[in-house]
């Protein structure tokens, strides 16, 4: 009898455990992704017998101000809060890589860019989350095609995209509309000034609207702005190179950048720099945004969050004076080709060594859901940029960014190309960046810069293993756009 | 137990009290700590340098043994060699400047005067600031139209626009300047201590014999300070050769590679490019280069000590 009761209790325990497991593997209740994330988080807390929990998160410092309110909301609802430690935006990769070695579980999740994904997936730090995405029914269908693909590597999903960071061109319509300017411009260049279709037209606009009445070499208005600083500038060239019809590699991963497309686009990139502030080689977002919002430049090619700075009622001198343009392109084979680049693009990744990976995932799903992402994107301190179709019609997003900007930005996304997202991406891009800067400084020619880069890329490929790299390159190719111009 | 242990304990005590054993005892904790904390890491570093391991290729203990391949790659890597040369060049400019300025300030604060303590504290202050903060603050001060150029313009009486962060040579000067600004405080401290410890007798004797202030300084004080100078050189050189914060925070080691020091490059190779074995080989090469430099400095220091001892000055 005692044996029988022992057997029955084991059977009962097994049944109960399987029941619980089955229950926890079910999709949490809720009609929206944020509601499901909250329900999933609550169920997780219950299954662990917890009432409060602090997740550890690594976050670029530039994102903190725009994120904390929504994280606090999630904590109120679920008891899951966040201890975040801030890191410089360019140091995320190194910090994550050291965790891949240490396997300490010092953070549960982090915000990082797509460039670091191949290395961090191969290093085992980024955790595949396909099962959790399926369980939580994250509303990925609403995401504009091209963004979520950058959180995938070799067929697996590793993150939830939180930021549509493809470049946009902002120009000053007030300067174009100033009395007599249109006529003068048209007389000189033969076309009506406005959003440029090509890089040549952007050059002409920059040339015309550079205002240096004293001739002192320090203009009152600079014709153009783009990023040229170390670790940033290469992204702006890559976009231009793609528009020229270039591809970094062939199918055998032989570099193609030193060809005609690379050389011409690099020469154009260098030429445009003369209309930019002279110390642009040391500038990134913290310097560029206030400078443009201060009314010191005619145009800027940058991240879409420029609209937050340029339309800020207190901090900007040019509110309502901007036009947001499709990225310019090149005429290739008689057809206009526009390309925008996902120039950073934040993604929530969950660590394989997280103490609470599931809880971290639910928070990520909450923050990237339709509703909460709209709040994040439209926040006054936000540097998260629109990436969902629903952002296009969301009144809060439109109010913060302007309708024209959101529409143009998401149109640009139709011709958005990824960065070089294969293993060793950081090194490939760093070598490119270094050589482009040397060419910008006049230390080497544009031709040598590209030849040096191609030679260094070959070494990197051979060191990592060509076969593996070809496989990675094939996997990212579907993320390239098929359209030449947006609809 | 006690009865059996007592003679043993006595023997141990007698052994420890022997002259040739006792003199080494103070080193035991240090050497123990070294063996415990540094030696395993160092041996691991050497081992990793002989493998072909990237962080993206699984565990290091499964990595292939490739002998000296990483060293060969390092010695063929022009970017590494340039970073090494650049770092030594930065140190060669920064350290003498720090020594001169630190020495000058220490001489100024040597005599008693009103407010001396305040000046001493102010001169020491930069050393207390975290280097990252210095780098960040300078990145703001040195922008094109920033306060530093405005100050220069004020002195020059015309608009001065030095591109401290975006042109080759000015960026290098900015990095060196940051190091000098922060670490002159250390040489000031070392020299202040050195000057305070100078023996009075030879100076007094020279004064009695009618030596001028300059002769006393040149023929007595400066030679006596040589060991202190050598220590300051060693300390500052070791630190300057590890320069990381200023180039990273001021220019991201740019423009181009203008301010990429060997520490920055090693960090990139190891943690950004995931090539740990290559980074290990490079750091061992750096270790050898720095060790050779320090050995020369220590030799100079010993020679000076010996000479001063022979002359009866110390």
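Chains as they are written, first to last, in the numbering used here: chain C, 17 to 503; chain U, 4 to 317. From the three backbone atoms N, C-alpha and C, an ideal C-beta is built for every residue, glycine too.
(Q) By the 9 Å beta-carbon criterion, what residues does the stretch 236-254 of chain U contribute toward chain C? (A) The residues in question are 251, 252, 253 and 254.
Q.
Quick check on residue 358 of chain C - is its C-beta less than 9 Å from some C-beta in chain U?
A. Numbered from its first residue, the first chain carries residue 358 of chain C at position 342. No, residue 358 of chain C does not count as interfacial toward chain U.
Q) Mind checking if residue 167 of chain U is an interface residue toward chain C, Cβ cutoff 9 Å exclusive? A) On the second chain, residue 167 of chain U is found 164 positions in, with the first residue counted as 1. Among the residues facing chain C, residue 167 of chain U is included, as its CB has a counterpart in that chain under 9 Å away.
Q | Exposed unless 16 or more other CB atoms sit within 10 angstroms - verdict on residue 27 of chain U | A | Position 24 of the second chain holds residue 27 of chain U. Sixteen is the threshold: since fewer than 16 other Cβ atoms of the shown chains lie within 10 Å of the Cβ of residue 27 of chain U, the residue is exposed.
Q. Which whole runs of the alpha helix (DSSP H) in the stretch 111-190 of chain C are 4 residues long or more, in chain order?
A. List check, alpha helix (DSSP H) in window: 133-138 and 146-152.
Q | Best match in U/82, U/213 and U/100 for proximity to residue 446 of chain C [C-alpha to C-alpha] | A | Residue mapping note: residue 446 of chain C aligns to position 430 of the first chain, counting from 1. Nearest in C-alpha terms to residue 446 of chain C, of all of U/82, U/213 and U/100, is U/82.
Q.
Going by C-alpha to C-alpha distance, which of C/329, C/478, C/383 and C/454 sits closest to residue 468 of chain C?
A. The residue you call residue 468 of chain C lines up with position 452 of the first chain. Minimum Cα distance to residue 468 of chain C is reached at C/454.
Q: Locate the alpha helix (DSSP H) running through residue 102 of chain C, then write down its first and last residues.
A: In the first chain, the residue the question calls residue 102 of chain C occupies position 86. Not the alpha helix (DSSP H): residue 102 of chain C falls in the beta strand (DSSP E), residues 96-103.
Q: Could you check which residue in C/443, C/493 and C/194 has the C-alpha nearest to that of residue 470 of chain C?
A: Here residue 470 of chain C is taken as the residue at index 454 of the first chain, counted from 1. Per the Cα distances, C/443.
Q. If residue 342 of chain C sits next to residue 169 of chain U, beta carbons under 8 Å apart, how far is it from one beta carbon to the other, in whole angstroms?
A. The sequence position of residue 342 of chain C within the first chain is 326, counting from 1. The sequence position of residue 169 of chain U within the second chain is 166, counting from 1. Actually they are not in contact, since the Cβ atoms of residue 342 of chain C and residue 169 of chain U sit about 30 Å apart, beyond 8 Å.
Q: Would you check whether the ligand ZN has a heavy atom nearer than 8 Å to the C-beta of residue 335 of chain C?
A: Ligands are entirely absent from the displayed structure, and the ligand ZN is therefore not among its contents.
Q.
Buried or exposed, going by whether 16 or more other CB atoms sit within 10 Å of the CB of residue 251 of chain C?
A. Here residue 251 of chain C corresponds to residue number 235 of the first chain, with the count starting at 1. Around the beta carbon of residue 251 of chain C, 16 or more other beta carbons sit within 10 angstroms, so the residue counts as buried.
Q. Rounded to whole angstroms, how far is the Cβ of residue 408 of chain C from the Cβ of residue 426 of chain C, which I believe are closer than 8 Å?
A. Counting from 1 along the first chain, the entry for residue 408 of chain C is found at position 392. Counting from 1 along the first chain, the entry for residue 426 of chain C is found at position 410. Here residue 408 of chain C really is in contact with residue 426 of chain C; their C-beta atoms are around 6 Å apart, less than 8 Å.
Q.
If contact is defined by three or more beta carbon pairs under 8 Å, each pair taking one atom from either stretch, is the stretch 59-76 of chain C in contact with the stretch 86-103 of chain C?
A. Touching, per the Cβ criterion.
(Q) residue 288 of chain C and residue 215 of chain C - do their beta-carbons sit closer together than 9 Å? (A) Position 199 of the first chain holds residue 215 of chain C. Position 272 of the first chain holds residue 288 of chain C. Between residue 215 of chain C and residue 288 of chain C, the C-beta spacing is below 9 Å.
Q | Cβ of residue 293 of chain C within 9 Å of any chain U Cβ | A | Mapped onto the first chain, residue 293 of chain C falls at position 277. Taking Cβ atoms only, chain U reaches closer than 9 Å to residue 293 of chain C, which makes this a yes.
Q | Three-way DSSP call (helix, strand, coil) for residue 2 of chain U in this model | A | There is no way to answer for residue 2 of chain U, as the model of chain U reaches only from 4 to 317.
Q: Taking C-beta pairs closer than 9 Å, name the residues in chain C that residue 260 of chain U reaches, listed in chain order.
A: Here residue 260 of chain U is taken as the residue at index 257 of the second chain, counted from 1. Near residue 260 of chain U (Cβ distances below 9 Å), the residues of chain C are 246, 450, 453 and 454.
(Q) If distances are taken between C-alpha atoms only, which option among C/65, C/209, C/273 and C/93 comes closest to residue 187 of chain C? (A) The residue given as residue 187 of chain C occupies position 171 in the first chain. Nearest C-alpha to residue 187 of chain C: C/209.
Q) Would a C-beta distance cut-off of 9 Å place residue 402 of chain C and residue 413 of chain C closer than the cut-off? A) On the first chain, position 386 is the one that residue 402 of chain C refers to. On the first chain, position 397 is the one that residue 413 of chain C refers to. Cβ distance < 9 Å, so residue 402 of chain C and residue 413 of chain C count as in contact.
Q. Does the beta carbon of residue 52 of chain U come closer than 9 Å to any beta carbon on chain C?
A. Numbered from its first residue, the second chain carries residue 52 of chain U at position 49. No, its Cβ sits nowhere closer than 9 Å to a Cβ of chain C.
**Q.** Contact list for residue 274 of chain U against chain C, beta-carbon separation under 7 Å
**A.** Locating residue 274 of chain U in the second chain gives position 271, where the first residue counts as 1. Here the neighbours are 110, 113 and 114.
Q) Between which two residues does the beta strand (DSSP E) containing residue 352 of chain C stretch? A) Mapped onto the first chain, residue 352 of chain C falls at position 336. Note, residue 352 of chain C: beta strand (DSSP E), 351-354.
Q. Closer than 8 Å, Cβ to any Cβ of chain U: which residues of the stretch 319-348 of chain C, in chain order?
A. Residues of the stretch 319-348 of chain C that bring their beta carbon within less than 8 Å of a beta carbon in chain U are absent altogether.
Q. When DSSP builds the beta bridges, which residues end up paired with residue 78 of chain C?
A. As a first step, residue 78 of chain C is located in the first chain; it is residue number 62 there, counting from the start. Paired residues: none, contrary to the question.
Q. Can you tell me where the beta strand (DSSP E) with residue 308 of chain C in it begins and where it stops?
A. Residue 308 of chain C sits at position 292 when you count from the first residue of the first chain. Annotation for residue 308 of chain C: no beta strand (DSSP E) segment contains it, though the alpha helix (DSSP H) segment containing it runs 301-309.
Q: Verify the CB distance criterion: does residue 139 of chain C have a CB-CB separation below 9 Å to chain U?
A: The sequence position of residue 139 of chain C within the first chain is 123, counting from 1. Output row for residue 139 of chain C: interface = yes.
Q: Helix, strand or coil for residue 24 of chain U, going by three-state DSSP, please let me know.
A: Here the question's residue 24 of chain U lines up with position 21 in the second chain. Three-state DSSP puts residue 24 of chain U in a helix.
**Q.** Which of helix, strand or coil DSSP assigns to residue 179 of chain U
**A.** Locating residue 179 of chain U in the second chain gives position 176, where the first residue counts as 1. In the structure shown, residue 179 of chain U sits in a helix (DSSP, three-state: H, G or I).
Q.
Three or more C-beta pairs under 8 Å: does that hold for the stretch 298-317 of chain C against the stretch 474-489 of chain C?
A. Contact fails: fewer than three Cβ-Cβ distances are below 8 Å.
Q) Taking three-plus beta-carbon pairs below 8 Å as touching, is the stretch 182-197 of chain U in contact with the stretch 233-252 of chain U? A) Yes, since at least three Cβ pairs between the stretch 182-197 of chain U and the stretch 233-252 of chain U fall closer than 8 Å, the two stretches touch.
Q. Taking only beta-carbon atoms, is residue 170 of chain U less than 9 Å away from chain C?
A. Your numbering for residue 170 of chain U matches position 167 in the second chain. For residue 170 of chain U, the answer is yes, since a Cβ of chain C falls inside 9 Å of its Cβ.
**Q.** The alpha helix (DSSP H) enclosing residue 451 of chain C, as first and last residue numbers
**A.** Taking the first residue of the first chain as 1, we reach residue 451 of chain C at position 435. It spans 441-456 - the alpha helix (DSSP H) in which residue 451 of chain C sits, taken as one unbroken run.
Q | Neighbour list for residue 271 of chain U in chain C, Cβ cutoff strictly below 9 Å | A | Position 268 of the second chain holds residue 271 of chain U. Neighbours of residue 271 of chain U on chain C, chain order: 110, 442, 443 and 446.
Q. Along chain C, which residues have their Cβ under 7 Å away from the Cβ of residue 59 of chain U?
A. Looking up residue 59 of chain U in the second chain gives position 56. Per Cβ cutoff of 7 Å: 135, 138, 139 and 439.
Q) Roughly how many angstroms separate the alpha carbons of residue 416 of chain C and residue 288 of chain U, rounded to a whole number? A) The residue labelled residue 416 of chain C in the question sits at position 400 within the first chain. The residue labelled residue 288 of chain U in the question sits at position 285 within the second chain. Those two C-alpha atoms are separated by around 54 Å.
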